[in-house]
Amino acid sequence: MFGKKKETPQIDKEQLELIENAQKRIRQKKRLYIHFVIFLIGAVFLILAQTILGIGKDTKLFGIEWFVYAILIWLFLFIYHFINVFITNKFMNKEWENQQIEKLVAKQRNRIDELKTQLQKEDKHIAETEVYQEKIKAKTSQQNLTIIVAAGENNAIGKDNDLIWHLSEDLKRFKRLTSGHHIIMGRKTFESFPKPLPNRTHVVITRQIDYKVPEGVIVVNSLTDAIDAVKSDNQPFIIGGGEIYKQAMPLANTLELTRVHHSFEGADTFFPEIDKSQWKETSRIFNAIDDKHDYEFSFVSYVRA
Ligand SMILES: NC(=O)c1ccc[n+]([C@@H]2O[C@H](COP(=O)([O-])OP(=O)(O)OC[C@H]3O[C@@H](n4cnc5c(N)ncnc54)[C@H](OP(=O)(O)O)[C@@H]3O)[C@@H](O)[C@H]2O)c1
8 MFGKKKETPQ
18 IDKEQLELIE
28 NAQKRIRQKK
38 RLYIHFVIFL
48 IGAVFLILAQ
58 TILGIGKDTK
68 LFGIEWFVYA
78 ILIWLFLFIY
88 HFINVFITNK
98 FMNKEWENQQ
108 IEKLVAKQRN
118 RIDELKTQLQ
128 KEDKHIAETE
138 VYQEKIKAKT
148 SQQNLTIIVA
158 AGENNAIGKD
168 NDLIWHLSED
178 LKRFKRLTSG
188 HHIIMGRKTF
198 ESFPKPLPNR
208 THVVITRQID
218 YKVPEGVIVV
228 NSLTDAIDAV
238 KSDNQPFIIG
248 GGEIYKQAMP
258 LANTLELTRV
268 HHSFEGADTF
278 FPEIDKSQWK
288 ETSRIFNAID
298 DKHDYEFSFV
308 SYVRA
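Residues 8 to 312 (the working numbering) are what the sequence shown spells out, left to right.
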């Protein structure tokens, strides 16, 4: 109970390792030194054995006395020992290993910091995009923003800034649905018309500042501005083309698709894939080929699921 308290060592593990390492180095160098002395004595002994004692006096290889070979082989072993102690061991001892590990750890830490910064930037970008989408959704929630499009089986919608087919029933339906409403379109689609379509208010999206249009046509610089410009309309239409459809897909509430039952090779503009988990089909009317229509086609209506 009152006995002498047991002494705990004051040296920590790392210091102990350093000391052990230093002792090992001393032993290695000592052994090398002894090797050197033995080598010198041995070499003298080999010379004397041949010259004075006459051991193997007649043994020669390529005209050279045997002891020369023996000394050279020994010298080679000594050099190998020397390299081991001063070069290999110096570069690959515990200290060297630790330095390499520290370098690696520092590199990994830098990489982790870089990734963290990148992640923060991406988070910010995602948050901004979500806020943007929410803002537009809030704007469109009161309206029935409708995409109207005619697309082939491969989603082709145009080539060389023009349509690829002529389906008079489809044009009639387009006219019937959009008349009296605002039609939002990209600058290229607008330029594909010979003149503005009657009885509809055109809203043209362009990044150009001074884009000239005929009287009555509204020019805006973004899809958000286009949606702002059609606030008074309870059913504005997005009428294309490819770039505008892609941006408007997450925002529209209704989709009026004319599916042309043919795959059009060589098209240069496409409608985005319709995500069936996002869109619910509400009606489908099939139209057969006749003298006015070269392809079968279906009018398909969707609402956001
Ligand atoms: N089958 C169908 O139902 C249907 C319907 C419509 C069109 N189309 C076809 O589609 C093709 C045209 O489509 P497209 O994709 O090439 O062009 P587009 O979507 O009609 O117009 C693209 C242009 O809109 C402007 N724009 C796009 N995004 C913008 C943004 N966020 N902010 C500001 N401006 C923006 C840019 O105009 P600036 O370059 O002036 O900045 C851009 O060059 C034609 O072949 C046409 O016949 C087919």
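Cβ atoms here follow ideal geometry from the backbone N, Cα and C, with glycine treated the same way.
No experiment lies behind these values; they were computed from the predicted model shown.
Hey, how far is the Cα of ASP240 from the Cα of TYR309?
Here residue 240 refers to the residue found at position 233 of the sequence shown. Here residue 309 refers to the residue found at position 302 of the sequence shown. Those two C-alpha atoms are separated by around 20 Å.
Would ILE225 pass as a contact of ILE191 if the rule is Cβ separation under 7 Å?
Here residue 225 refers to the residue found at position 218 when the sequence shown is read from its first residue. Here residue 191 refers to the residue found at position 184 when the sequence shown is read from its first residue. No, Cβ-Cβ distance for ILE225 and ILE191 is not below 7 Å.
Let's test the definition: count the other Cβ atoms within 10 Å of the Cβ of LYS12 and tell me whether it reaches 16, buried, or not, exposed.
Looking up residue 12 in the sequence shown gives position 5. Since pLDDT at LYS12 reaches only 48, below the 50 mark, its modelled position is unreliable, and the value read off the structure follows with that caveat. It counts as exposed.
Between the stretch 198 to 218 and the stretch 113 to 133, do three or more beta carbon pairs fall short of 8 Å?
No, the stretch 198 to 218 does not touch the stretch 113 to 133.
Runs of 4 residues minimum, wholly inside the stretch 190 to 216: which ones carry the alpha helix (DSSP H) assignment?
194 to 198
Can you look up LYS166 in the DSSP assignment and give me helix, strand or coil?
Along the sequence shown, one-based indexing puts residue 166 at 159. In the three-state reduction of the DSSP assignment, LYS166 falls in the strand class, which pools E and B.
Rounded to the nearest angstrom, what separates PRO205 and LYS283 at their Cα positions?
Stepping through the sequence shown from its first residue, residue 205 is reached at position 198. Stepping through the sequence shown from its first residue, residue 283 is reached at position 276. Taking the straight line joining both Cα atoms gives about 34 Å.
Could you name the residues of the same chain whose beta carbon sits closer than 7 Å to that of ASN151, not counting the 5 residues immediately before and after it, in chain order?
Numbered from its first residue, the sequence shown carries residue 151 at position 144. Non-local beta-carbon contacts of ASN151 in its own chain, meaning distances under 7 Å to residues more than five positions away in sequence, involve ASN241, GLN242, ASN260 and THR261 in chain order.
Cα separation between THR185 and ALA312?
The residue you call residue 185 lines up with position 178 of the sequence shown. The residue you call residue 312 lines up with position 305 of the sequence shown. For THR185 and ALA312, the distance between alpha carbons rounds to 23 Å.
What three-state label does DSSP hand THR66 in the structure shown?
Counting from one through the sequence shown, the residue named residue 66 turns up at place 59. Three-state result, THR66: coil.
Which residues does DSSP list as the beta-bridge partners of LYS287?
Taking the sequence shown and counting its residues from 1, the one referred to as residue 287 is at position 280. DSSP lists VAL310 as partners of LYS287.
In three-state terms, what does DSSP make of GLU176?
Locating residue 176 in the sequence shown gives position 169, counting from the first residue. Correct three-state label for GLU176: helix.
Does the stretch 252 to 272 come within contact of the stretch 152 to 167, defined as at least 3 CB pairs closer than 8 Å?
yes
Identify every residue that forms a DSSP beta bridge with ALA158.
Position 151 of the sequence shown holds residue 158. DSSP output for ALA158 lists ARG266 as bridge partner(s).
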